[in-house]
Each structure stands twice: as C-alpha cells, then as structure tokens.
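Below is one structure, written out as structure tokens; comments come after it.
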Amino acid sequence: VRDFAEVKGDGVITEEIATAALDLLEVDPRGFDSLDRKMLQTIIGKFDGGPVGIESLAAAIGEERGTLEDVIEPFLIQQGFLMRTARGRIATRLAYLHFGMRVPEPAHATLSLFEDGK
Numbered sequence: 349v350r351d352f353a354e355v356k357g358d359g360v361i362t363e364e365i366a367t368a369a370l371d372l373l374e375v376d377p378r379g380f381d382s383l384d385r386k387m388l389q390t391i392i393g394k395f396d397g398g399p400v401g402i403e404s405l406a407a408a409i410g411e412e413r414g415t416l417e418d419v420i421e422p423f424l425i426q427q428g429f430l431m432r433t434a435r436g437r438i439a440t441r442l443a444y445l446h447f448g449m450r451v452p453e454p455a456h457a458t459l460s461l462f463e464d465g466k
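Numbering (this note's numbering), first residue to last: 349 to 466.
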C-alpha cells in the first residue's frame, strides 16, 4: 500500500489510496487474497467442507504444503474460517457465510438410523 501511495499519490496513505491498492491486489474486505479464497473454496467445493488432509489440499490447489501451513492457514484459523483437526482441515460456518453459501447441517444431525427404534 505504501508503494502504491508513492506511485499513485503524494506518498500519503489515504482511505482512497488504501482501498485502491487493496483492490489492485485483490484483497477483499476480510483481508483475504486470492490464495486464501482459493483454499477455502476448494475445501468447500471439492471436499464438501472437509476434513481434508494437507497433501490432498495442496495437490488440489497446486501449492506447496509448506505455503499452506506456514502462510495461509494461520490467518484463516486466527480469523475463524478454518479449523485444523487430526482428520484434516475443515471450513467453518464463517467460511460458508463469507462466500454466501448455505451452511450444511452437521452429519450427525441428518442421521436417523438409531432414532425411534428404526
């Protein structure tokens, strides 16, 4: 943003300059860049929200495992959009809502195998 302000403005970072710079960098209002969005959308779209292992996720996205673990995941976890479990990564309710998607019911809520003596 500072470099953008130097080139496009008089070096002062105003709200207008910051917004233009973030738009150019494709950073959304939550602070997600294209790789953040790609990771979450892949978990939701290709892996039904997870859990998905890091190797499978890295292969699906075309990124190195280390990049996902060291660069992308910490921010998404901190912001509450991703959970890291022993079984793999899971997109949270916030992730679905961020992309305007319906939040799926938990699997246990849809199972009725042992209910009502059936």
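A virtual CB, placed ideally from N, CA and C, is assigned to each residue, including glycine.
Which of helix, strand or coil DSSP assigns to residue i
{"i": "L442", "result": "helix"}
{"i": "G414", "result": "helix"}
{"i": "D358", "result": "coil"}
{"i": "P377", "result": "coil"}
{"i": "F423", "result": "helix"}
{"i": "E453", "result": "coil"}
{"i": "G393", "result": "helix"}
{"i": "F447", "result": "coil"}
Residues sharing a beta bridge with residue i, DSSP
{"i": "T433", "result": "G436"}
{"i": "V400", "result": "R437"}
Beta-carbon separation (whole angstroms), residue i vs residue j, contact threshold 8 Å
{"i": "M387", "j": "L416", "result": "7 Å"}
{"i": "T367", "j": "P399", "result": "No, T367 and P399 are not in contact; Cβ-Cβ is about 36 Å, not under 8 Å."}
{"i": "A408", "j": "K394", "result": "6 Å"}
Proximity to residue i [Cα-Cα], best of the options
{"i": "V419", "options": "D384, I391, V355 and F447", "result": "D384"}
{"i": "Q427", "options": "G410, A369, G379 and T362", "result": "G379"}
{"i": "I392", "options": "P422, M431 and Y444", "result": "Y444"}
{"i": "A439", "options": "F429, F447 and H446", "result": "F429"}
{"i": "A447", "options": "V360, P377, R413 and E364", "result": "The amino acid at residue 447 is misidentified as Ala; the sequence shows Phe. F447 has its Cα closest to that of P377, out of V360, P377, R413 and E364."}
{"i": "V451", "options": "V375, T390, G397 and I361", "result": "G397"}
{"i": "H382", "options": "P454, L424 and E363", "result": "Going by the sequence as given, residue 382 is Ser instead of His. Of P454, L424 and E363, the residue nearest in Cα terms is L424."}
Three CB pairs or more closer than 8 Å across the stretch 351 to 359 and the stretch 400 to 408: no
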